[in-house]
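Asker:
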Amino acid sequence: MKIVVLNGSPKGDLSVTIQYVHFIQNNYPQHELKIINIAQRIQAIEKTEETFEEIINDIRSSDGILWAFPLYFLLVHSHYKRFIEIIFERNIIEAFKDKYTAALSTSIHFYDHTAHNYINSICDDLGMKYLGYFSADMADLMIEKKRKELILFAEHLFRSIENNVPTKKNFQPLVNRQFEYIPGEVETTVDVDNKKVLVLTDSTDNQTNLGKMVERFSQSFSQKIELINLNDVDIRGGCLGCIQCGYDNTCAYGDKDGYMEFFNTKVKKADIIIFAGTIKDRYLSSRWKLFFDRSFFNNHTPVLIDKQVGFIISGPLSQIPNLRQIFEAWFELQLCNLVDFITDEIEDSAQIDNLLSNLAERLLRYQKENYVKPMTFLGIGGMKIFRDDIYGRIRFPFRADHKFYQKYGLYDFPQKNYKVRITSTIMTLLTKIPSVRKEIYERRIKTEMIKPFQKVLMHNERVN
Numbered sequence: 002m003k004i005v006v007l008n009g010s011p012k013g014d015l016s017v018t019i020q021y022v023h024f025i026q027n028n029y030p031q032h033e034l035k036i037i038n039i040a041q042r043i044q045a046i047e048k049t050e051e052t053f054e055e056i057i058n059d060i061r062s063s064d065g066i067l068w069a070f071p072l073y074f075l076l077v078h079s080h081y082k083r084f085i086e087i088i089f090e091r092n093i094i095e096a097f098k099d100k101y102t103a104a105l106s107t108s109i110h111f112y113d114h115t116a117h118n119y120i121n122s123i124c125d126d127l128g129m130k131y132l133g134y135f136s137a138d139m140a141d142l143m144i145e146k147k148r149k150e151l152i153l154f155a156e157h158l159f160r161s162i163e164n165n166v167p168t169k170k171n172f173q174p175l176v177n178r179q180f181e182y183i184p185g186e187v188e189t190t191v192d193v194d195n196k197k198v199l200v201l202t203d204s205t206d207n208q209t210n211l212g213k214m215v216e217r218f219s220q221s222f223s224q225k226i227e228l229i230n231l232n233d234v235d236i237r238g239g240c241l242g243c244i245q246c247g248y249d250n251t252c253a254y255g256d257k258d259g260y261m262e263f264f265n266t267k268v269k270k271a272d273i274i275i276f277a278g279t280i281k282d283r284y285l286s287s288r289w290k291l292f293f294d295r296s297f298f299n300n301h302t303p304v305l306i307d308k309q310v311g312f313i314i315s316g317p318l319s320q321i322p323n324l325r326q327i328f329e330a331w332f333e334l335q336l337c338n339l340v341d342f343i344t345d346e347i348e349d350s351a352q353i354d355n356l357l358s359n360l361a362e363r364l365l366r367y368q369k370e371n372y373v374k375p376m377t378f379l380g381i382g383g384m385k386i387f388r389d390d391i392y393g394r395i396r397f398p399f400r401a402d403h404k405f406y407q408k409y410g411l412y413d414f415p416q417k418n419y420k421v422r423i424t425s426t427i428m429t430l431l432t433k434i435p436s437v438r439k440e441i442y443e444r445r446i447k448t449e450m451i452k453p454f455q456k457v458l459m460h461n462e463r464v465n
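For the sequence shown, my numbering gives the first residue as 2, with consecutive numbering after it.
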């Protein structure tokens, strides 16, 4: 059978992900796996009709599609995202409908689930028959057990297609409502108070809900704030995946475009940042994805520490919890404070006005108070993955990350807490004695757990 492999790596044939595809091909030579370098050839795909048609014809003639990609910023590469947009823009959905499909990714398992949720939902939107995914660690191909798992994944894929197995949708279609937001007059404004407020958007068209919401939000301040349209930023291309930035946070593009200067002088210097965009498929636009991908020259270090962040979004965000989780996770890892998401979903202009004004007020207030809400699992779990991998296997080539983590104490390995280790060892030995074990677990453990907190509360009472 013929399987078309849509390669989402900008490195094309040099992609780690594609080595996994080659391994499948070596073990199943009776099947054709035709690799098409989507992300690497996106300019030709977008600009040359013949190139795009050739790819679509291959898809039409295939027995199945394998979406193969490395992770970029909790999702797929911006060029891969652009290809998906083109499919919908040119209404080529019929070429994908009822095709069997699966996904294969490589990463360090940092939010690989959000990338797979995205691809799964796109496949459902295209009417494809989704058969699941294989999410590999970048080095899994070097491990015999993982190679066997990959062979089983491929065997399942081929057998399912041959047997025409039934599938189901995991994601319901998005419901896009036709609502026109009509902003009202701004009654009160908030003082910027020498804070730098930056609004980043991919559209300033005041005929759209997004443009009008951005304008209404901007009017909530007593002073003029800075508004930058991402389409006006000089961005020559997408992230190359070259990791040249890993040594000293210098992007391979250098001064060949204006992205690094823009990010360093505008984004990093702002105290408050608003990200404004319109839902496009199951994300924001590929221009927004390009913005996030290219910011990888900062590698795995938080560069928005203590900033206040908000989102203004036009579209059905509440129907895409995966997207919300992507942003919540990323900004927790940036050690900043994501205040809120304001959308036009509520279809009530007056209420949207109030929410936008309140967002402006909260952003300023939290900034003055230096308030950053505590991390959840999204940030803590992600940081532990970064901490362990940067300390270990990816210290080279990510030297800049290693120096940052050393300097700011991010190598907070719990086993270095010798007091806890000694206490745990002693208590473990004591619980081997039946009478002591019974005393601890049946009589004392509840009261002992809250004893340290009672000391804090008593001290707090005396102070107040």
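Don't be surprised by glycine CBs; every beta carbon is placed ideally from N, CA and C.
As the structure is a computational prediction, the values presented were derived from the model and not from experiment.
1) What three-state label does DSSP hand G311 in the structure shown?
2) Between M214 and S315, which are expected to be in contact by the criterion C-beta below 8 angstroms, what is the C-beta distance as a whole number of angstroms?
3) Just verifying my parser: in three-state terms, what is the DSSP assignment at N27?
4) Is the beta carbon of V193 less than 8 angstroms from the beta carbon of Q220?
5) DSSP three-state label for D341, please.
6) When the distance is taken between beta carbons, is Y119 closer than 8 angstroms to N323?
7) To the nearest whole angstrom, what separates the beta carbons of K100 and M129, a pair I think is in contact under 8 angstroms?
8) Just tell me which of L151, E443, L339, D307 has its CA closest to the CA of I19.
9) How about L75 and A330: are their beta carbons less than 8 angstroms apart?
10) Taking 8 angstroms as the cut-off, decide whether the C-beta atoms of I4 and H32 are in contact.
11) According to DSSP, is V15 helix, strand or coil?
12) To the nearest angstrom, how far is the alpha carbon of N28 from that of S106?
13) Mind checking T344: buried by the 16 CB within 10 Å criterion, or exposed?
14) On the DSSP letters alone, give me the boundaries of the beta strand (DSSP E) that P71 sits inside.
15) Identify whether S204 lies in helix, strand or coil by the three-state DSSP scheme.
16) L153: which of I25, F414, I391 sits nearest, CA to CA?
17) Using DSSP's beta-bridge definition, name the partner residues of T107.
18) Per the DSSP calculation, Y101 is bridged to which residue(s)?
Answerer: On the basis of the supplied data:
1) In the sequence shown, residue 311 corresponds to position 310, counting from 1. Of the three classes helix, strand and coil, the one that applies to G311 here is strand, per DSSP.
2) The residue you call residue 214 lines up with position 213 of the sequence shown. The residue you call residue 315 lines up with position 314 of the sequence shown. That pair is a contact at about 7 angstroms.
3) Your numbering for residue 27 matches position 26 in the sequence shown. DSSP places N27 in helix when its eight states are reduced to three.
4) The residue labelled residue 193 in the question sits at position 192 within the sequence shown. The residue labelled residue 220 in the question sits at position 219 within the sequence shown. No, the pair does not count as a contact, with Cβ atoms beyond the cut-off.
5) Counting from 1 along the sequence shown, the entry for residue 341 is found at position 340. Reduced to three states, the DSSP call for D341 is strand.
6) Here the question's residue 323 lines up with position 322 in the sequence shown. Here the question's residue 119 lines up with position 118 in the sequence shown. Yes, Cβ-Cβ distance for N323 and Y119 is below 8 angstroms.
7) If you number the sequence shown from 1, residue 100 lands on position 99. If you number the sequence shown from 1, residue 129 lands on position 128. That belief holds up - the Cβ atoms of K100 and M129 are roughly 5 angstroms apart, short of 8 angstroms.
8) Numbered from its first residue, the sequence shown carries residue 19 at position 18. Selected option, being the one with the closest Cα: L151.
9) On the sequence shown, position 74 is the one that residue 75 refers to. On the sequence shown, position 329 is the one that residue 330 refers to. It is a contact, given that the beta carbons lie within the stated cut-off.
10) For the purposes of this step, residue 4 is identified with residue 3 of the sequence shown, where counting begins at 1. For the purposes of this step, residue 32 is identified with residue 31 of the sequence shown, where counting begins at 1. In this structure, H32 lies closer than 8 angstroms to I4 by Cβ.
11) Counting from 1 along the sequence shown, the entry for residue 15 is found at position 14. The sequence given here places Leu at residue 15; Val does not occur at that position. Under the three-state reduction of DSSP, L15 is assigned to helix.
12) As a position in the sequence shown, residue 28 is number 27, starting the count at 1. As a position in the sequence shown, residue 106 is number 105, starting the count at 1. Going by the C-alpha atoms only, they are around 19 angstroms apart.
13) Within the sequence shown, residue 344 is the residue found at index 343, counting from 1. Looking at its Cβ environment, which holds 16 or more other Cβ atoms inside 10 Å, T344 is buried.
14) Start at 1 with the first residue of the sequence shown, and residue 71 comes out as number 70. 65–71 is the span of the beta strand (DSSP E), which, as asked, contains P71.
15) Taking the sequence shown and counting its residues from 1, one reaches residue 204 at position 203. Note: S204 maps to coil in three-state DSSP.
16) For this step, residue 153 is matched to residue 152 along the sequence shown. Distances from the alpha-carbon of L153 to those of I25, F414, I391 put I25 closest.
17) Residue mapping note: residue 107 aligns to position 106 of the sequence shown, counting from 1. Under DSSP, T107 shares a beta bridge with P71, A137.
18) Counting from 1 along the sequence shown, the entry for residue 101 is found at position 100. Answer is G65, K130, bridged to Y101.
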